[in-house]
Amino acid sequence: MSDAERPGWTESVSAADRVRSVATTLSEPRTANWIAGEAEVAHETASKYLDRLVSDGKLETSEAGGKTVYRPDPVGQYLAEMHSLYAEHTADELAESLTEITDQLRRWQAEYDTETPNELRATIDETTDAATADEYRRVATEWEQLQYRQSLVEDTLRLYDRFADDPAPTPV
Amino acid sequence: MTPPGSPNPAVYRELRDVLRRQPEITATRSEPDAVQQRYLVASVAPARIEPPTGPESPRIEVRWLAARDQFRIDYTDPNTGFHCGWHRDDDHPDLGATHFQYERPADDEPTYEAADFAATTPPKLLWICLDELFSVRLPTLTGP
Chain A
16 MSDAERPGWT ESVSAADRVR SVATTLSEPR TANWIAGEAE VAHETASKYL DRLVSDGKLE
76 TSEAGGKTVY RPDPVGQYLA EMHSLYAEHT ADELAESLTE ITDQLRRWQA EYDTETPNEL
136 RATIDETTDA ATADEYRRVA TEWEQLQYRQ SLVEDTLRLY DRFADDPAPT PV
Chain B
812 MTPPGSPNPA VYRELRDVLR RQPEITATRS EPDAVQQRYL VASVAPARIE PPTGPESPRI
872 EVRWLAARDQ FRIDYTDPNT GFHCGWHRDD DHPDLGATHF QYERPADDEP TYEAADFAAT
932 TPPKLLWICL DELFSVRLPT LTGP
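Sequences listed follow chains A and B, in order. Quick note, our numbering runs 15 ahead of the 1-based positions in the first sequence. Quick note, our numbering runs 811 ahead of the 1-based positions in the second sequence.
Structure below.
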């Protein structure tokens with residue numbers, strides 16, 4: 016396969032999907048203009064799809080310097096993830112994963128002799144060598160990501176209790 | 812409100828979508844399972860890359876720590892031992908935020924290069940790296 020045969024991002028992914036993938040993965044609030052540039056779409060196109068993502072609960076807006084800025088809606092993203100966990104896994108699968116997650120979190124607590132990711136970060140001081148400091152920061156971030164998955168799984172398992180009489184939803 | 816920098820499940824969802832759209836990639840999965848989602852793994856069709864390899868499928872691993880703006884995209888070919896990847900971490904500050912590294916079977920140690928991208932968001936960054944991997948890096952680094 017030569018260079019010319021590989022389709023690029025703009026050829027392979029629709030404008031709507033590019034705007035969604037850019038806007039829902041932003042790490043800081045951005046204007047429609049910025050998102051249009053990153054997604055390689057016209058400003059009007061970006062605005063149209065951004066409005067749709069806001070009304071779908073995927074993004075939230077705020078005002079900064081007289082301009083509207085967009086960022087992923089943390090609640091909307093959390094609920095969407097809960098819904099796909101509920102739709103794609105049985106309660107038993109979720110419970111099994113929850114056990115593995117809890118075991119891993121305990122392993123980190125034991126290995127680093129700290130209770131929380133922030134405590135692990137707080138152990139870094141001027142006597143910590145650079146490699147160890149980097150490992151602690153990386154583990155602390157992975158630890159937080161796994162705690163987030165733990166909350167998601169726990170909340171999703173509660174849905175099974177609440178809707179115990181309903182058949183499992185069809186995977187989406 | 813969730814504090815800035817907290818995990819965003821859309822990141823791995825969108826990154827997996829990028830992997831699925833590559834013609835060279837045959838399967839993608841989350842590891843250690845779909846519930847925990849600690850990183851993504853993709854299988855590459857050995858005959859669809861240039862130059863072809865085989866019989867085993869090369870593997871791509873994607874790890875994204877969005878809260879720290881760090882990532883690792885790694886390609887390994889189990890048939891030859893070739894490895895390359897783009898890393899944004901604190902390992903090589905002399906090369907800037909992101910570096911590309913590769914190690915061929917005959918190399919004594921990996922080679923590192925600075926990497927710079929015309930992209931900020933994770934899915935677009937991954938797309939650019941995969942495009943460069945399949946159209947430039949593999950033909951150049953693993954070719955005759």
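Cβ atoms here follow ideal geometry from the backbone N, Cα and C, with glycine treated the same way. Given the structure is predicted, the values throughout are model-derived calculations rather than measurements.
Simplified DSSP assignment, three categories, for residue i
i	result
V873 (chain B)	strand
R827 (chain B)	helix
F911 (chain B)	strand
F945 (chain B)	helix
A155 (chain A)	helix
D905 (chain B)	helix
K73 (chain A)	coil
V846 (chain B)	coil
H104 (chain A)	coil
P87 (chain A)	strand
V930 (chain B)	Correcting the residue type first, residue 930 (chain B) is Ala in the shown sequence and not Val. Residue state, collapsed to three classes: coil.
A853 (chain B)	strand
E924 (chain B)	strand
Q160 (chain A)	helix
T142 (chain A)	coil
I13 (chain A)	In the structure displayed, chain A extends from 16 to 187; residue 13 (chain A) sits before or after that span and is not available.
M812 (chain B)	Residue placement at M812 (chain B) is flagged as unreliable, the pLDDT there being 37, under the threshold of 50; the coordinate-derived value follows with that caveat. It is coil, neither helix nor strand.
M16 (chain A)	Reliability of the predicted coordinates at M16 (chain A) is poor, the pLDDT of 45 falling under 50, and the value obtained from them is presented with this limitation in mind. Reduced to three states, the DSSP call for M16 (chain A) is coil.
I836 (chain B)	strand
I939 (chain B)	helix
V37 (chain A)	helix
S99 (chain A)	helix
A917 (chain B)	coil
Neighbouring residues, chain B, relative to residue i (Cβ below 9 Å)
i	result
T147 (chain A)	By Cβ distance, chain B contributes nothing, its closest Cβ being about 12 Å from T147 (chain A), past 9 Å.
Per-residue contacts from residue i into chain A (C-beta, under 7 Å)
i	result
E825 (chain B)	S36, T39, T40
Q848 (chain B)	R164
V822 (chain B)	T40
W938 (chain B)	W24
Cβ neighbour criterion (16 or more within 10 Å) applied to residue i
i	result
K82 (chain A)	exposed
T144 (chain A)	Checking the sequence shown, residue 144 (chain A) turns out to be Asp, not Thr. Per the 10 Å Cβ criterion, exposed.
S868 (chain B)	buried
V947 (chain B)	exposed
T129 (chain A)	buried
E169 (chain A)	exposed
R7 (chain A)	Because chain A spans 16 through 187 in this model, residue 7 (chain A) falls outside it and cannot be assessed.
S112 (chain A)	buried
T105 (chain A)	exposed
D919 (chain B)	exposed
G896 (chain B)	buried
Y888 (chain B)	What sits at residue 888 (chain B) in the sequence shown is Asp, not Tyr. By the neighbour-count rule (16 or more Cβ atoms within 10 Å), D888 (chain B) is buried.
L94 (chain A)	exposed
A853 (chain B)	buried
A51 (chain A)	buried
A179 (chain A)	exposed
E26 (chain A)	exposed
T953 (chain B)	buried
G23 (chain A)	exposed
A54 (chain A)	buried
S17 (chain A)	Confidence in S17 (chain A) is poor, its pLDDT being 47 and thus under 50, which makes the residue's placement too unreliable to answer from.
E20 (chain A)	exposed
Within chain B, partners of residue i - CB distance below 7 Å
i	result
S27 (chain A)	R832
V69 (chain A)	In chain order: nothing, as chain B lies at least about 14 Å away.
Contact set between residue i and chain A, taken where Cβ atoms lie within less than 9 Å
i	result
D885 (chain B)	Chain A residues near D885 (chain B): none, gap ~15 Å exceeds 9 Å.
Proximal chain B residues relative to residue i, where beta-carbon distance stays under 8 Å
i	result
Q139 (chain A)	Note that residue 139 (chain A) is Ile in the sequence shown, not Gln. Those do not exist, as I139 (chain A) stays about 12 Å from chain B at its closest Cβ, beyond 8 Å.
E103 (chain A)	A845
E134 (chain A)	Simply none; closest approach about 17 Å.
Beta-carbon neighbours of residue i, restricted to chain A and to distances below 8 Å
i	result
S817 (chain B)	P89, E159, Y163
P957 (chain B)	In this structure chain B extends from 812 to 955, so residue 957 (chain B) is not present and cannot be described.
Are there three or more Cβ pairs, one per stretch, closer than 8 Å when the segment 927-944 of chain B is compared with the segment 815-833 of chain B?
Yes: at least three Cβ pairs fall under 8 Å.
Check each residue of the segment 81-95 of chain A: if its Cβ is closer than 9 Å to any Cβ of chain B, include it; give the result in chain order.
Answer in chain order: R86, P87, P89, V90, Q92, Y93, A95.
Stretch pair the segment 57-70 of chain A + the segment 829-841 of chain B: three plus CB contacts closer than 8 Å
Note that the segment 57-70 of chain A does not touch the segment 829-841 of chain B; fewer than 3 beta-carbon pairs, one per stretch, sit closer than 8 Å.
State whether the segment 86-104 of chain A contacts the segment 36-54 of chain A, with contact taken as three or more CB pairs (one from each stretch) at a distance under 8 Å.
A contact exists between the segment 86-104 of chain A and the segment 36-54 of chain A.
What residues from the segment 902-932 of chain B come within 8 Å of chain A, judged by C-beta to C-beta, listed N to C?
Of all residues in the segment 902-932 of chain B, D902, A930, T931, T932 have a Cβ within less than 8 Å of some Cβ in chain A.
Give, in chain order, every residue of the segment 859-893 of chain B whose Cβ lies closer than 8 Å to some Cβ of chain A.
Listed by position along the chain: R859, I860, E861, L876, A877, A878, R879, D880, Q881.
Does the contact criterion of 3 or more C-beta pairs under 8 Å hold for the segment 149-165 of chain A versus the segment 130-138 of chain A?
By the C-beta criterion, the segment 149-165 of chain A is judged to be in contact with the segment 130-138 of chain A, since at least 3 inter-stretch pairs fall below 8 Å.
Selection of the segment 152-178 of chain A by Cβ proximity to chain B, strictly under 8 Å:
From the segment 152-178 of chain A, only R152, R153, T156, E157, E159, Q160, L161, Y163, R164, L167, V168 have a Cβ closer than 8 Å to chain B.
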